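Please read the structure below before turning to the comments.
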Amino acid sequence: MMNPEADNGRNRDELVQRLELMESMIAEGRRSTARFGWIFVLWGVIDIGGMVWQEAKPDFRWTWPIVILAGFAIQYAIIIGLRRWTWRQFCGNSMQTRSISAVWSMMGVTVLLYVAAAILGHGAGHIALAAAVLMFVGMAHATSALILRWPAQGAVAVLWWAGGMALYFLSWKYFEAIFVGEMVFGMILFGLYAMWLDSRSGSKGARA
Amino acid sequence: MTTSEMDNGTTRDELLQRVALMEAMIAEGRKSTARYGWIFVMWGLIYFVAMGWAVFLPFKEWAWPVCVTVGVVVGMVRTRRRADGSSESQRSRTIEAVWQAMCVAIILYVIAAGVSGHGNQAAYYAAVFFFVGLAHGISARILGWGVQGLVAFLFWGCGTAMFFVQTRNQILAVFLAAAFFGMICFGLYAMMLERQRAAAQVQRQVQHYA
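Residue numbers (our numbering), protein chains in the order written: chain A, 61 to 268; chain B, 11 to 220.
Here it is, written out as structure tokens:
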């Protein structure tokens with residue numbers, strides 16, 4: 061192009077600025093997920109705890125609603141605590157961050173409604189229920205991975221989906237093993253990886 | 011604050027520009043959903059056709075695989091054609107990511123359930139509604155669009171109903187209601203918004219040149 065002015069009237073600098081803004085938004089979103097890596101670890105531990113409780117009291121129908129509500133309570137208590145300490149650094153507020161927050165909050169609402177409906181409607185024994193919950197979490201990871209263009213999170217999504225599909229072909233007998241595997245690899249280890257990334261970017265920032 | 015400089019060094023003008031950019035991005039994302047309103051209508055109609063075939067026509071086991079494949083192919087072809095030349099904002103790409111992830115998740119889930127022979131459980135039917143509800147819920151939250159939020163609740167409600175309905179006819183009725191209100195009506199509403207927006211744009215251009 062001979063003329064620096066683009067066809068639609070926008071000059072090159074403006075386009076470069078826009079691209080930089082988008083790239084910084086994606087980077088901010090990824091940093092934000094890394095900053096919230098502890099939530100994945102928390103939920104991995106809480107869910108494994110729920111599984112142990114269910115094993116101990118298999119007839120109690122409200123194990124999971126109680127575990128999930130307790131998980132939310134702990135999560136929000138920690139968030140409130142962290143906000144008091146480091147509000148500015150803690151909570152990025154870019155569009156990307158808000159999108160990721162929308163993905164995970166809606167995933168939480170969906171799983172909560174779905175499991176509650178299944179318990180009330182006596183569908184808790186269906187293998188399709190367990191498979192769907194794993195698929196919902198996989199979908200949230202996949203959406204985040206697509207938004208943030210983060211292959212590591214994409215791999216986690218594939219892991220969750222593979223677990224959900226495997227449940228259909230194996231039986232309830234293997235549910236505990238798959239569930240614990242998902243929690244360890246898809247939640248705790250991914251969360252620790254995200255926390256490691258966050259601490260690395262934090263120390264780089266401090267050095268700069 | 012007496013000075014135009016904020017505490018962290020950002021000027022008021024800069025903040026206003028950022029807010030304006032974000033508002034423009036939200037509007038663009040909503041327009042993008044409205045632009046793809048036809049997809050909701052198409053899928054609503056595909057549900058009707060597939061259910062009609064499964065109830066009234068022979069080879070009923072082929073009804074859903076054939077209709078869904080046709081829907082996916084038509085959707086991909088038309089989306090690709092429309093995407094050529096259309097500008098994309100960050101927000102519309104985010105919305106696309108939500109629906110792409112939903113499509114992959116639902117296809118994997120349905121195939122696994124069908125192949126393993128678990129496609130008749132109430133939790134399976136309910137999950138299909140909850141997948142769609144989840145995608146609508148995320149989009150509604152990102153776009154701040156109340157109408158789409160209502161559609162999410164409609165799908166979640168239909169998913170919940172699946173655990174309580176008893177007969178095949180009741181399951182069909184819930185499916186048809188979700189397809190009609192959540193897909194066709196919402197899609198038509200989105201298309202109407204897109205038309206109004208296009209008409210307003212033309213009017214602005216006419217006024218500009220007049």
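C-beta: ideal position from N, C-alpha, C; glycine also. Keep in mind that this is a model prediction, so the values were computed, not measured.
- Item | Rounded C-alpha distance that separates B:A145 from B:W109 | Taking the first residue of the second sequence as 1, we reach residue 145 of chain B at position 135. Taking the first residue of the second sequence as 1, we reach residue 109 of chain B at position 99. Taking the straight line joining both Cα atoms gives about 6 Å.
- Message: Which of the three DSSP states is assigned to B:F173 in this structure?
- Response: Within the second sequence, the letter at position 163 stands for residue 173 of chain B. DSSP places B:F173 outside both helix and strand once states are collapsed to three, so it counts as coil.
- Could you give the distance in angstroms between the alpha-carbon of A:V216 and the alpha-carbon of A:R209? Along the first sequence, one-based indexing puts residue 216 of chain A at 156. Along the first sequence, one-based indexing puts residue 209 of chain A at 149. If you draw a straight line from the Cα of A:V216 to the Cα of A:R209, it comes to about 13 Å.
- Item | Minimum C-alpha distance to B:G159 - residue among A:M166, A:F245, A:G104, A:M255 | Numbered from 1 along the second sequence, position 149 holds the residue referred to as residue 159 of chain B. Residue A:M166 is the option with its Cα nearest to B:G159.
- Determine which residues of the stretch 218-239 of chain A have a Cβ less than 7 Å from any Cβ of chain B, and write them out in chain order. So the list reads W221, G224, M225, Y228, F229, given in the order they occur along the chain.
- Item | Unbroken stretches of the alpha helix (DSSP H), 4 residues or longer, contained in the stretch 72-123 of chain B | If we require 4 residues or more, the alpha helix (DSSP H) runs fully inside the stretch 72-123 of chain B come out as 73-93.
- Through-space distance from A:L249 to A:M255, alpha-carbon basis: Indexing the first sequence from 1 puts residue 255 of chain A at position 195. Indexing the first sequence from 1 puts residue 249 of chain A at position 189. Going from the Cα of A:M255 to the Cα of A:L249 covers about 10 Å.
- Task: Check the Cβ-Cβ distances between A:F196 and every residue of chain B, and say whether any is below 8 Å.
- Result: Along the first sequence, one-based indexing puts residue 196 of chain A at 136. It does; some Cβ of chain B falls within 8 Å.
- Beta carbon of A:S159, beta carbon of A:I207: below 8 Å? Reading the first sequence from its first residue, position 99 is the one you call residue 159 of chain A. Reading the first sequence from its first residue, position 147 is the one you call residue 207 of chain A. Yes, Cβ-Cβ distance for A:S159 and A:I207 is below 8 Å.
- In chain order, what residues of the same chain have a beta carbon less than 8 Å from the beta carbon of A:L227, not counting five sequence neighbours either side? Taking the first sequence and counting its residues from 1, the one referred to as residue 227 of chain A is at position 167. Once the five neighbours on either side are set aside, the close Cβ partners of A:L227 are I187, A190, A191, L194, Y234, F235, I238.
- Using a threshold of 8 Å, state whether the C-beta atoms of B:G81 and B:F190 are closer than that. Start at 1 with the first residue of the second sequence, and residue 81 of chain B comes out as number 71. Start at 1 with the first residue of the second sequence, and residue 190 of chain B comes out as number 180. No, Cβ-Cβ distance for B:G81 and B:F190 is not below 8 Å.
- Residue range of the alpha helix (DSSP H) that B:A179 falls in? Locating residue 179 of chain B in the second sequence gives position 169, where the first residue counts as 1. It should be noted that the sequence gives Asn, not Ala, for residue 179 of chain B. The continuous alpha helix (DSSP H) containing B:N179 extends over residues 178-187.
- Query: Measuring CA to CA, which of B:Q211, B:E71, B:V76, B:F139 is closest to B:G169?
  - Reply: Start at 1 with the first residue of the second sequence, and residue 169 of chain B comes out as number 159. Ranking B:Q211, B:E71, B:V76, B:F139 by CA distance to the CA of B:G169 puts B:F139 first.
- Item | Buried or exposed by the 16-neighbour rule on C-beta atoms within 10 Å, applied to B:G95 | As a working note, residue 95 of chain B is residue 85 in the second sequence. Because the pLDDT at B:G95 is just 49, under 50, the model does not fix this residue reliably, and the value given afterwards should be weighed accordingly. B:G95 comes out exposed.
- Task: For B:Q131, return the contacting residues in chain A, with the cut-off set at a CB-CB distance below 7 Å.
- Result: For this step, residue 131 of chain B is matched to residue 121 along the second sequence. Those within 7 Å of B:Q131 in chain A are H186, A188.
- Query: Which residues, in chain order, does the stretch 158-170 of chain B contribute to contact with chain A at a C-beta distance below 7 Å?
  - Reply: Cβ contacts with chain A: W166, G169, T170.
- Query: For B:P68, which three-state DSSP category applies?
  - Reply: For this step, residue 68 of chain B is matched to residue 58 along the second sequence. In this structure, B:P68 counts as coil in the three-state DSSP scheme.
- Query: So, is B:Q217 buried or exposed, given that buried needs 16 or more other C-beta atoms within 10 angstroms?
  - Reply: Residue 217 of chain B sits at position 207 when you count from the first residue of the second sequence. It is exposed - the Cβ of B:Q217 has fewer than 16 other Cβ atoms within 10 Å.
- Item | Where the stretch 154-176 of chain A meets chain B: residues whose CB sits under 8 Å from a CB there | Per Cβ criterion, the list reads M155, Q156, R158, S159, A162, V163, S165, M166, M167, V169, T170, L173, Y174.
- Query: Could you give the distance in angstroms between the alpha-carbon of B:L182 and the alpha-carbon of B:M61?
  - Reply: Counting from one through the second sequence, the residue named residue 182 of chain B turns up at place 172. Counting from one through the second sequence, the residue named residue 61 of chain B turns up at place 51. Approximately 8 Å between the Cα atoms of the pair.
- Item | A:A192 at chain E interface by Cβ criterion, 8 Å | Within the model displayed, chain E is absent; protein chains A and B are what it includes.
- Query: CB-CB under 6 Å to B:I56, same chain, minus the five flanking residues each way: which ones, in chain order?
  - Reply: As a first step, residue 56 of chain B is located in the second sequence; it is residue number 46 there, counting from the start. Sequence-distant Cβ neighbours of B:I56 in its own chain, meaning closer than 6 Å and more than five residues away, are C77, G81.
- Query: Under 7 Å Cβ-Cβ, which residues of chain A neighbour B:A107?
  - Reply: As a first step, residue 107 of chain B is located in the second sequence; it is residue number 97 there, counting from the start. Ordered by position in chain A, the residues that pass the 7 Å Cβ test against B:A107 are T203, L206, I207.
- Proximity test, Cβ basis, 8 Å: A:G183 and chain B: For the purposes of this step, residue 183 of chain A is taken as residue 123 along the first sequence, with counting starting at 1. Residue-level contact check: A:G183 touches chain B, since one or more beta carbons of chain B fall below 8 Å from its beta carbon.
- If we cut at 8 Å on Cβ distances, does A:L249 have a partner in chain B? If you number the first sequence from 1, residue 249 of chain A lands on position 189. Contact with chain B is absent for A:L249, since none of that chain's Cβ atoms lies less than 8 Å from the residue's Cβ.
- Item | Euclidean distance between Cα positions of B:G85 and B:V51 | For the purposes of this step, residue 85 of chain B is taken as residue 75 along the second sequence, with counting starting at 1. For the purposes of this step, residue 51 of chain B is taken as residue 41 along the second sequence, with counting starting at 1. Between B:G85 and B:V51, the C-alpha separation is close to 11 Å.
- May I have the straight-line CA-CA distance separating B:Q211 from B:R205, to the nearest angstrom? As a working mapping, residue 211 of chain B is identified with position 201 in the second sequence. As a working mapping, residue 205 of chain B is identified with position 195 in the second sequence. CA-to-CA, the gap between B:Q211 and B:R205 works out to about 10 Å.
- Item | Same chain, Cβ closer than 6 Å to A:M247, neighbours up to 5 away in sequence not counted | Against the first sequence, residue 247 of chain A aligns to sequence position 187. A distance below 6 Å between beta-carbons, with the five flanking residues on each side excluded, links A:M247 to the following residues of its chain, in chain order: F100, W103, G104.
- Task: My understanding is that A:T203 touches B:A111, with C-beta atoms under 8 Å, so please give their C-beta distance in whole angstroms.
- Result: Translated into positions along the first sequence, residue 203 of chain A becomes position 143. Translated into positions along the second sequence, residue 111 of chain B becomes position 101. The pair is a contact, with the Cβ atoms about 4 Å apart (cut-off 8 Å).
- Closest residue to A:W98 among A:G131, A:G251, A:R260 (Cα-Cα distance): Here residue 98 of chain A refers to the residue found at position 38 when the first sequence is read from its first residue. Comparing Cα-Cα distances from A:W98 to each of A:G131, A:G251, A:R260, the minimum goes to A:G251.
- Enclosing alpha helix (DSSP H) for A:S231 [first to last residue]: Here the question's residue 231 of chain A lines up with position 171 in the first sequence. Neither: A:S231 is in no alpha helix (DSSP H) and is coded neither H nor E.
- Can you list, in chain order, the residues of the stretch 186-212 of chain B whose Cβ is nearer than 8 Å to any Cβ on chain A? If you check each beta-carbon in the stretch 186-212 of chain B against every beta-carbon of chain A, none falls closer than 8 Å.
- Query: Should A:H201 go down as buried or exposed, given a rule of 16 or more other Cβ atoms within 10 Å for buried?
  - Reply: Counting from 1 along the first sequence, the entry for residue 201 of chain A is found at position 141. Buried, because 16 or more other Cβ atoms sit within 10 Å of the Cβ of A:H201.
- Task: Take the Cβ of A:D119 as the centre, count every other Cβ of all protein chains shown within 10 Å, and call the residue buried at 16 or more, exposed below.
- Result: Stepping through the first sequence from its first residue, residue 119 of chain A is reached at position 59. With fewer than 16 other Cβ atoms within 10 Å, it is exposed.
- Query: Buried or exposed: which applies to B:M202, given that a residue is buried once 16 or more other Cβ atoms fall within 10 Å of its Cβ?
  - Reply: Taking the first residue of the second sequence as 1, we reach residue 202 of chain B at position 192. Result: exposed.
- Pick helix, strand or coil for B:Y46, following the three-state DSSP scheme. Along the second sequence, one-based indexing puts residue 46 of chain B at 36. Looking at B:Y46 - three-state DSSP - the assignment turns out to be coil, as it is neither helix nor strand.
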